[in-house]
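If you read the sequences in order, they're chains A and B.
The opening residue of the first sequence carries number 1 in this note's numbering; numbering runs sequentially from there.
The opening residue of the second sequence carries number 1001 in this note's numbering; numbering runs sequentially from there.
First up is the structure itself, then whatever we jot down about it.
Protein chains: 2
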Amino acid sequence: MTSTDSAAPVSVTDSAYDVFARACPSRGTLEHVTGRWGALTLGALHEGSFRFNELRRRVDGVSEKMLSQTLQALERDGLVHREAQPTNPPRVDYELTPLGHEVAGRLLALIEFVEGRMDDVLVARERYDAERGGR
Amino acid sequence: MTSTDSAAPVSVTDSAYDVFARACPSRGTLEHVTGRWGALTLGALHEGSFRFNELRRRVDGVSEKMLSQTLQALERDGLVHREAQPTNPPRVDYELTPLGHEVAGRLLALIEFVEGRMDDVLVARERYDAERGGR
DNA sequence: CGGGATCCGGCTTGATACTG
DNA sequence: CAGTATCAAGCCGGATCCCG
């Protein structure tokens, strides 16, 4: 809402990419999922249900604002379910929806695959840097 | 190289996230892969080998600079192979490495899954907006 | 505790122009 | 054609304050 934004309630990482969102609607959701905090949040929630500040601890380095935005975006996309209890102090639990679990599963498959091949990547990087970085 | 950057030859989307790259090396590669242009580029290259400007056409909306940076990052990670021929005019072809194909495959699996469920997502979004966006 | 609103700095991006 | 250098602008993301 800082500038020319007015219609969209939540954006997170879309504002500048409306063009693409229009051309390909899934792009927006994909950005939420694969984005930095989205991926980490899905990864955390894949292991169970957590409260806001529990998630903050698990998703290391995230600020309240970004976690809040990320959760809203994922909730809006139907990947995360938010359960608020009007107790005092308030208690809010977040968990993945069935769809969210499926998405998280595929995402984690990709992540784990890449992590499993990091040694190859590291070798490739060194070669690349040795050839071009030297000069 | 705009400011405090000096050691890393190529960054694309890392400069600000060094902290995380340090904590989890795969994070950087993941960002290259799942990032906006990275994903589109891998998707395009998954279908075959292409020249620079061919890719520019296929990856709609990408600027020369971003395509160049993206390709360099992916090449550095060992996911893309660059074949330059010293002819005149110069001809450079890009194609996925075997590792790149595996990664692209999993990425596309995720993307296609999300695209296949976009109707669910859209419904969820409308419900969400109806409840909270109304006011 | 759970989260919304605001301010602000810095990185990322996108045109443009130039080289080989 | 295949890129690189420069420049300006814009968005992301963090810190802070505040409310329920």
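Glycine is no exception: its CB is placed at the ideal position from the N, C-alpha and C atoms.
Is the Cβ of residue i closer than 8 angstroms to any Cβ of chain B?
i	result
G43 (chain A)	no
A109 (chain A)	yes
A130 (chain A)	no
L55 (chain A)	no
L30 (chain A)	yes
E47 (chain A)	no
A124 (chain A)	yes
V92 (chain A)	no
V33 (chain A)	yes
R106 (chain A)	yes
L99 (chain A)	yes
V59 (chain A)	no
V62 (chain A)	no
Can the beta-carbon of residue i be found closer than 8 angstroms to that of residue j?
i	j	result
D136 (chain A)	H46 (chain A)	Outside the displayed span of chain A (1 to 135) sits residue 136 (chain A), for which this structure offers no information.
L1067 (chain B)	R1056 (chain B)	yes
L122 (chain A)	G43 (chain A)	no
L99 (chain A)	R1117 (chain B)	yes
T1097 (chain B)	L1079 (chain B)	yes
V114 (chain A)	S1026 (chain B)	yes
T70 (chain A)	T1034 (chain B)	no
R1051 (chain B)	V1103 (chain B)	no
R1082 (chain B)	Y1094 (chain B)	yes
Per DSSP, residue i forms a beta bridge with which residues?
i	result
Y1094 (chain B)	B:F1050, B:R1082
Given that residue i touches chain A, what residues does it touch there, using C-beta distances under 8 angstroms?
i	result
P1089 (chain B)	Here the premise fails: no neighbours, minimum Cβ distance about 22 angstroms.
L1071 (chain B)	Within chain A, no residue comes near L1071 (chain B); the closest Cβ sits about 12 angstroms away, beyond 8 angstroms.
Closer than 8 angstroms, CB to CB, is residue i near chain A or not?
i	result
P1025 (chain B)	yes
M1118 (chain B)	yes
Mapping DSSP to helix, strand and coil, what is residue i?
i	result
V1062 (chain B)	coil
G1038 (chain B)	helix
T1070 (chain B)	helix
D119 (chain A)	helix
D129 (chain A)	helix
T87 (chain A)	coil
Could you tell me which chain B residues have their CB closer than 9 angstroms to the CB of residue i, listed as they occur along the chain?
i	result
E95 (chain A)	Residues of chain B passing the Cβ test: none, with the nearest at roughly 15 angstroms.
Taking C-beta pairs closer than 8 angstroms, name the residues in chain B that residue i reaches, listed in chain order.
i	result
R76 (chain A)	A1124, R1125, Y1128, D1129
Under 7 angstroms Cβ-Cβ, which residues of chain A neighbour residue i?
i	result
F1052 (chain B)	What F1052 (chain B) touches in chain A: nothing, since even the nearest Cβ is about 17 angstroms away.
Strictly below 9 angstroms CB to CB, what residues from chain A border residue i?
i	result
V1103 (chain B)	L110, F113, V114, R117
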